[in-house]
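S.K.: This structure is in structure tokens; I'll ask about it shortly.
This is the structure we're talking about:
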């Protein structure tokens, strides 16, 4: 009971060792940098939460160690690490294993941070990235006996662009799982695209849509999302950062195609950073 509560309350708690500017090692609880959005801080997201497909493939934080490097003035960023895999949503039973991850991001026109609020002014920036997760593990029954060995591999591809207040991002996600009991591979995929545009007076209209399928080989469980909203930055001209104060109005539509279920909602959020 206490472990899930602690996991939800503590998103990140790390110790960092940085012997040189181009290299650092993190140890502790953190998000796996599998996708672009996973590398964006909660306070740097365009919408109140990450996209539905992103959360389907990887949600929350993990305990582990991560080595990161930044080269050529931010034009190349790469990381590799090992984690316990609690964010992969595969805990149907007790399991033992280690999750391995790798990620590379290329920014050919200059350093491109992972803040989704983008830049209010500035030249064109482009970002291309790819990530991989390899998670071999053994599932155990309630008595502690091993039942099946599983290999779970996930991959992501991303593209981003920022141009004088306009921010665009799209990602494709893929998963393939193979277990020793059935010998039948299962695979799933997902994608999303989103855009936000900083306008005068501190306004930012935004839109996002995406889709995911958990198991395309047998039980698709297809889900489609549409998000739209408006961010208002009342302190854009006075604060040190344009997004130091952000007020959000957000509309969300979720359509679970195969179950025939639909849901819609509206939320508001006020965020103050210091």
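Residue numbers (the numbering used here): 473 to 746.
We put the CB at the ideal spot given by N, CA and C, even for glycine.
#1: Do you know offhand how far residue 563's Cα is from residue 605's?
#2: So for residue 560, helix, strand or coil by DSSP?
#3: Rounded to a whole number of angstroms, what is the C-alpha to C-alpha distance between residue 594 and residue 636?
#4: Does DSSP put residue 655 in a helix, a strand or coil?
#5: Please go through the same chain and pick out, in chain order, the residues whose beta-carbon is closer than 6 Å to the beta-carbon of residue 625, but skip the five residues on each side of it.
#6: Assign residue 641 to one of two classes, buried (16 or more other C-beta atoms within 10 Å of its C-beta) or exposed (fewer than that).
#7: Which residue marks the beginning of the beta strand (DSSP E) containing residue 608, and which one marks its end?
#8: Under 6 Å Cβ to Cβ from residue 725, same chain only, skipping five residues before and after it: list those, please.
#9: Can the beta-carbon of residue 524 be found closer than 8 Å to that of residue 695?
#10: In chain order, which continuous runs of the beta strand (DSSP E) of length 3 or greater are located wholly inside the region 489 to 569?
#11: Can you tell me whether residue 586 is buried or exposed, with buried defined as 16 or more other CB within 10 angstroms of its CB?
#12: Go ahead and label residue 543 buried or exposed: buried means 16 or more other beta carbons lie within 10 angstroms of its beta carbon, across all protein chains shown.
#13: Under 7 Å Cβ to Cβ from residue 496, same chain only, skipping five residues before and after it: list those, please.
#14: Drop a sphere of 10 angstroms on the beta-carbon of residue 546, count the other beta-carbons inside from all chains shown, and report buried for 16 or more, exposed for fewer.
#15: CB-CB under 6 Å to residue 684, same chain, minus the five flanking residues each way: which ones, in chain order?
#16: How close, in whole Å, do the beta carbons of residue 486 and residue 499 come, if the pair is a contact with beta carbons under 8 Å?
#17: With DSSP as the reference, please indicate the residues paired to residue 644 in a beta bridge.
#18: Tell me which residue opens and which closes the beta strand (DSSP E) that residue 700 is part of.
#19: Taking 8 Å as the cut-off, decide whether the C-beta atoms of residue 502 and residue 668 are in contact.
#20: I need the boundaries of the beta strand (DSSP E) containing residue 692, first residue and last residue.
#21: Among residues of its own chain, excluding the 5 on either side of residue 692, which ones have a beta-carbon nearer than 6 Å to its beta-carbon?
M.R.: Here's the rundown:
#1: To locate residue 563, count along the chain shown from 1; it is residue 91. To locate residue 605, count along the chain shown from 1; it is residue 133. Caution is warranted here: a pLDDT of 46 is assigned to residue 563, below 50, making its placement in the model unreliable, and no coordinate value can be reported.
#2: As a working note, residue 560 is residue 88 in the chain shown. If DSSP states are grouped into helix, strand and coil, residue 560 belongs with the helices.
#3: Along the chain shown, one-based indexing puts residue 594 at 122. Along the chain shown, one-based indexing puts residue 636 at 164. The straight-line gap from Cα to Cα measures roughly 5 Å.
#4: As a working mapping, residue 655 is identified with position 183 in the chain shown. If DSSP states are grouped into helix, strand and coil, residue 655 belongs with coil.
#5: If you number the chain shown from 1, residue 625 lands on position 153. Around residue 625: 606 and 648.
#6: In the chain shown, counting from the first residue as 1, residue 641 sits at position 169. Answer is buried; the Cβ neighbour count reaches 16.
#7: In the chain shown, residue 608 corresponds to position 136, counting from 1. Start and end: 597 to 612.
#8: Taking the chain shown and counting its residues from 1, one reaches residue 725 at position 253. Cβ neighbours of residue 725 beyond the five flanking positions: 698 and 736.
#9: Numbered from 1 along the chain shown, position 52 holds the residue referred to as residue 524. Numbered from 1 along the chain shown, position 223 holds the residue referred to as residue 695. Yes, the Cβ-Cβ distance between residue 524 and residue 695 is below 8 Å.
#10: 495 to 502, 534 to 543, 548 to 555 and 566 to 569
#11: Position 114 of the chain shown, counted from the start, is the residue given in the question as residue 586. The residue is buried, with at least 16 neighbouring Cβ atoms inside 10 Å.
#12: Taking the chain shown and counting its residues from 1, the one referred to as residue 543 is at position 71. Exposed, by the Cβ-count rule.
#13: Counted from its first residue, the chain shown places residue 496 at position 24. Closer than 7 Å at the Cβ level, and outside the excluded window around residue 496, lie 488, 489, 490 and 540.
#14: Start at 1 with the first residue of the chain shown, and residue 546 comes out as number 74. Exposed, since its Cβ has fewer than 16 Cβ neighbours within 10 Å.
#15: By 1-based counting over the chain shown, the position of residue 684 is 212. The residues are 525, 528, 662 and 695.
#16: By one-based count along the chain shown, residue 486 stands at place 14. By one-based count along the chain shown, residue 499 stands at place 27. That belief holds up - the Cβ atoms of residue 486 and residue 499 are roughly 6 Å apart, short of 8 Å.
#17: Indexing the chain shown from 1 puts residue 644 at position 172. Looking at the DSSP assignment, residue 644 forms a beta bridge with 629 and 663.
#18: For the purposes of this step, residue 700 is taken as residue 228 along the chain shown, with counting starting at 1. Residue 700 -> beta strand (DSSP E) spans 695 to 704.
#19: Numbered from its first residue, the chain shown carries residue 502 at position 30. Numbered from its first residue, the chain shown carries residue 668 at position 196. Not closer than 8 Å, so no.
#20: Working through the chain shown from its first residue, we reach residue 692 at position 220. That residue, residue 692, is in no beta strand (DSSP E); it is neither H nor E in DSSP.
#21: Here residue 692 corresponds to residue number 220 of the chain shown, with the count starting at 1. Counting only Cβ-Cβ distances below 6 Å, and skipping sequence neighbours, we find 685 and 730.
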